[in-house]
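Heads up, the sequence shown is in UniProt numbering, so the first residue is 1 and it goes up one at a time.
We put the beta carbon where it would ideally sit given N, CA and C, even for glycine.
It should be emphasised that the depicted structure is a prediction, and the values quoted were computed from it without experimental measurement.
Notes to accompany the following structure.
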Amino acid sequence: IPMEMRLMNSKEGPYNFNELIGEAAFDVLLTDQPVTTASIVHALRARMLKELNSERCPAYQAAIDTLTSYAEGASVQRSRRKNGITRSRTEQFPPVRPGKYRH
Numbered sequence: 001i002p003m004e005m006r007l008m009n010s011k012e013g014p015y016n017f018n019e020l021i022g023e024a025a026f027d028v029l030l031t032d033q034p035v036t037t038a039s040i041v042h043a044l045r046a047r048m049l050k051e052l053n054s055e056r057c058p059a060y061q062a063a064i065d066t067l068t069s070y071a072e073g074a075s076v077q078r079s080r081r082k083n084g085i086t087r088s089r090t091e092q093f094p095p096v097r098p099g100k101y102r103h
């Protein structure tokens with residue numbers, strides 16, 4: 001598949017996290033790997049290296065960091081469940097951030 005056919009960012013300017021993840025997932029789909037958090041991070045790194053001095057680099061790095069922190073949080077939760085540690089009451093009902101559910 002020629003590079004021109006790849007999904008490129010539609011809007012110039014601030015890059016949308018979901019859009020960057022979507023592009024990276026698309027890169028993974030073009031290979032024969034399963035689309036996992038790890039393979040998406042790998043694809044984001046590859047894109048970052050390819051566009052080393054572009055203004056997109058910080059956006060790629062931020063997406064990698066965000067995805068990594070999601071994955072770490074999920075793995076902590078999994079190991080807790082496996083060890084039978086249930087959430088404390090404060091964790092189960094986190095305080096509502098002001099404005100979050102007010103429409």
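Please confirm whether alanine 59 and tyrosine 15 have their CB atoms less than 8 Å apart.
Judged by their CB atoms, alanine 59 and tyrosine 15 are nearer to each other than the 8 Å cut-off.
Taking C-alpha atoms, which residue in Leu52, Phe17, Glu19, Ile40 lies nearest to residue 118?
As shown, the chain starts at 1 and ends at 103. That puts residue 118 outside it, with no answer to give.
Can the beta-carbon of alanine 63 be found less than 8 Å from the beta-carbon of phenylalanine 17?
Against a cut-off of 8 Å, the Cβ pair of phenylalanine 17 and alanine 63 comes out as a contact.
Given this structure, state the Cα-to-Cα distance separating leucine 52 from threonine 37, to the nearest angstrom.
In a straight line, the C-alpha of leucine 52 is about 22 Å away from that of threonine 37.
Please state if the CB of alanine 25 and the CB of arginine 47 are separated by a distance shorter than 8 Å.
Not closer than 8 Å, so no.
What separation, rounded to the nearest whole angstrom, lies between the Cα atoms of arginine 56 and glutamine 33?
Cα to Cα, arginine 56 sits roughly 25 Å from glutamine 33.
What number of angstroms, rounded off, separates the C-alpha of isoleucine 21 from the C-alpha of threonine 31?
Using only the alpha carbons, I get a separation of about 16 Å.
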